[in-house]
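When we follow UniProt numbering, the leftmost residue of the sequence shown carries the number 1, and every step to the right adds one.
Every residue, glycine too, gets a C-beta built ideally from N, C-alpha and C.
Since this is a predicted model, take the numbers as computed values, not measurements.
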Amino acid sequence: QDGPQRKKRKSEVVEVDKQLDILAIGTAVGSILLYSTVKGELQSKLDGGHDNKVNCVRWHQDNCCLYSCSDDKHIVEWNTQTCKVKCKWKGDNSSVTSLCISPDGKMLLSAGRVIKLWDLETKEVYRHFTGHATSVSSLMFTTVKPMNENKPFDGITGLYFLSGATHDRLLSVWYIRSDRKEKNAVMSFTVTDEPTFIDLTVSEVKEEPVKLAVVCRDGQLHLFEHILNGYCKKPLTSNCTIQIATPGNDGDSTPKPVPILAAAFCSDKQSLLLVYGNLLQPIIEKVSLNTTESHVCLIRDIQKVLSLKTDVAVTKVKTPVVNSDTKVLVPGIPGHSTAVKTPSLGKEKNKRKPGETEESIEERLGALDIDVSKVKTPGGLPQTDSFAVLLVQGLESNDAEILNRVLNTRKEHVIKNTVARMPIHAVIPLLHELTKRLQGNPYSASLMVRWLKSVFTLHASYLSTLPDLIPQLGMLYQLMESRVKTLQKLSRLHGRLFILVTQVAASEAAQDVTEVNQTAKLVYEDESSEEEGSDDEMIADKDSDENWEEDEEKEEQSDEQDMAVEKEINGDSDLDPENESEEE
């Protein structure tokens, strides 16, 4: 390798130059388009690798090789010369959303939520990293050489790489170790919103800091400058924040923010290329770096820059001259106005049939008359998007009337949609307002619990990335802890009070109950039947009395007869007592 290198032939150089001018574009149907930026036309199309949306495409150092990942969970290695699949393997159990090739070209980083480091020769996993709670949107190496130069370098051990995810305000930095013990991030950078574009300068020397430019969804640019030298517990904040705004002239005294779309470091590492304005016609500007100030606001008049100048000879469309104070209420590109065709009265003839009669003014006014009672006025509560706007306005102005109107909503779907559509920066003020209302009326507290549930469900990832989460939500946490501790005692007290109240109510109800009168409300008496019955009873009584007397007489006679018979048997006669004495 120390000897003189072989000179490349002209054909090889031309082939490499041509290959560098090709742009690879992944599509939603799974194919990849190779577009020639020099010729301005489609060069070739790569098919047969993916059957779902392509999420990321990365060129290898060998220009004939291309790597892509998709929602179909696979990673594909392409040969761009033959336009065929060279290798395909499963990258994750879910969608693979980002790729990055190592500086030496022997390793590949892939990520869905979990980050994996692959050996490109064996297509096996070399290391696992924890990753993010949401889908990873960006992966890139921050160093090309290990910081510890005493140990031998195998091409990957000792390097740092950066990762960012959707709906995550933290950018994590990972360190590739020789062992498999440590899988967590060694440090992190915090930004104001979800990152949409990231660029950095690779550190080649140990003392050289890594410069990082992060464009967020809110249109701000954050610049970081840090020397990677190991573990850092606290998230690092930006050294400088850049914003762009309009001057606010021409009758409008309020400057308007201009979103920054992308940013990239120049080759000298001391200047930036900024892309801002409209997506249809962005503005690119070179800006020198100045990290001494923590906040920089650039004033740019984008209306003058975006005004389109068309040559009459090139196009036949005539753009009308519009005053600067005119407000266009239709969508379109700035500088264009909707062409309205006015009828030419001189050329058109009034074609009226001879039999037609012209309507009178009274009939025309009657046709234009609108019954107010038939017009439906929008009533009731506003829609969910209106609720989100009202909630943000109430939080910013601290208007109790607006907040009561929104927060007293009981419908679960309205609460969820409102919380989902509200901006991220209003989440913390909403939690503070809910905490204040939880300490008030118990009826209001029960409604606030529904809002808290929706906020924690929909914005948990955002809240978990806040560096000052504990001081922000400390009062709410203590309030919830105190309520949970007293819940068991309150449940017991509720049970006892319920028993006492029911017993008192039952005793009062028993006292109020009067004795029920069980006498018949109506009695029917049949006179004829009772008289007949009484006569029969009297006759029966008389018969029974006569029979009883006859029975007694018969019994006396039978007794006398029995006594006479006995006397005869004994030889006794019916003598007088005087005769008996004479005989003696």
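- Determine whether the Cβ of residue 44 lies closer than 8 Å to any Cβ atom of chain C. Here chain C cannot be found, since the structure has a single protein chain.
- Is the beta carbon of residue 91 sitting closer than 8 Å to the one on residue 75? yes
- Message: Distance check for residue 67 and residue 45, CA to CA, integer angstroms please.
- Response: 14 Å
- Task: Go ahead and label residue 295 buried or exposed: buried means 16 or more other beta carbons lie within 10 angstroms of its beta carbon, across all protein chains shown.
- Result: exposed
- Backbone secondary structure at residue 400 - three-state DSSP: helix
- Task: Tell me residue 297's beta-bridge partners as DSSP assigns them.
- Result: 243
- Answer yes or no: do residue 137 and residue 98 have a C-beta to C-beta separation smaller than 8 Å? yes
- In this structure, does DSSP put residue 456 in helix, strand or coil? helix
- Can you grab the Cα-Cα spacing for the pair residue 497 / residue 511, in whole Å? 21 Å
- So, are the CB atoms of residue 102 and residue 73 less than 8 Å apart? no
- Query: Taking Cβ positions, are residue 165 and residue 213 nearer each other than 8 Å?
  - Reply: no
- Task: Kindly indicate which residue of 153, 196 and 64 has the alpha-carbon position closest to the one of residue 178.
- Result: 153
- Task: Name, in chain order, the residues that DSSP records as bridge partners for residue 264.
- Result: 273
- Message: So the candidates are 34, 112 and 38; which of them puts its Cα closest to the Cα of residue 82?
- Response: 34
- Task: Might you give, ordered along the chain, the residues of its own chain that have their beta carbon closer than 6 Å to the beta carbon of residue 194, omitting 5 neighbours on each side?
- Result: 167 and 217
- Query: Which residue comes first and which comes last in the alpha helix (DSSP H) that contains residue 437?
  - Reply: 427-438
- Task: Measure the CB-CB distance between residue 190 and residue 235 and report whether it falls below 8 Å.
- Result: yes
- Item | Close-in-space but distant-in-sequence residues of the same chain around residue 57 (CB under 7 Å, 5 per side omitted) | 24, 26, 32, 66 and 68
- Message: Counting C-beta neighbours from all protein chains within 10 Å, is the total for residue 341 16 or more, i.e. buried, or is it exposed?
- Response: A caution first: residue 341 carries a pLDDT of 43, below 50, which makes its placement in the model unreliable, though a value can still be read off. Residue 341 is exposed by the Cβ-count criterion.
- Candidates 441, 448 and 128: which alpha carbon is nearest residue 432's? 448
- Task: Return the chain-ordered list of same chain residues with a C-beta closer than 7 Å to the C-beta of residue 237, the five sequence neighbours on each side being excluded.
- Result: 190
- Message: Less than 8 Å between the C-beta atoms of residue 215 and residue 196, yes or no?
- Response: yes
- So is residue 233 buried or exposed if we call it buried at 16+ other beta carbons inside 10 Å? exposed
- Ordered along the chain, which non-local residues of its own chain (more than five positions away) have a Cβ less than 6 Å from that of residue 426? 392 and 395
- Could you check the C-alpha separation between residue 301 and residue 219 for me, to the nearest Å? 16 Å
- Is it right to say residue 502 is buried, meaning 16 or more other beta carbons lie within 10 angstroms of its own, or is it exposed? exposed
- Query: How many angstroms separate the CA atom of residue 158 from the CA atom of residue 175?
  - Reply: 7 Å
- residue 454 and residue 416: beta carbons closer than 8 Å? yes
- Query: According to DSSP, which residues form a beta bridge with residue 282?
  - Reply: 277
- Compute the beta-carbon to beta-carbon distance between residue 141 and residue 100, rounded to the nearest angstrom, for a pair I have assumed lies under 8 Å. 7 Å
- Have a look at the DSSP bridge pairing and note the partners of residue 214. 198 and 222
- Sorted by chain position, which residues of the same chain lie with C-beta nearer than 7 Å to residue 48's C-beta, five sequence neighbours on each side aside? 85
- Task: Would you check if the distance between the CB atom of residue 282 and the CB atom of residue 261 is smaller than 8 Å?
- Result: yes
- Query: From residue 437 to residue 424, what distance separates their C-alpha atoms?
  - Reply: 21 Å
- Which class does residue 289 belong to by DSSP, given the choice of helix, strand or coil? coil
- Task: Could you check if residue 107 is buried or exposed, using at least 16 other CB atoms within 10 Å of its CB as the buried criterion?
- Result: buried
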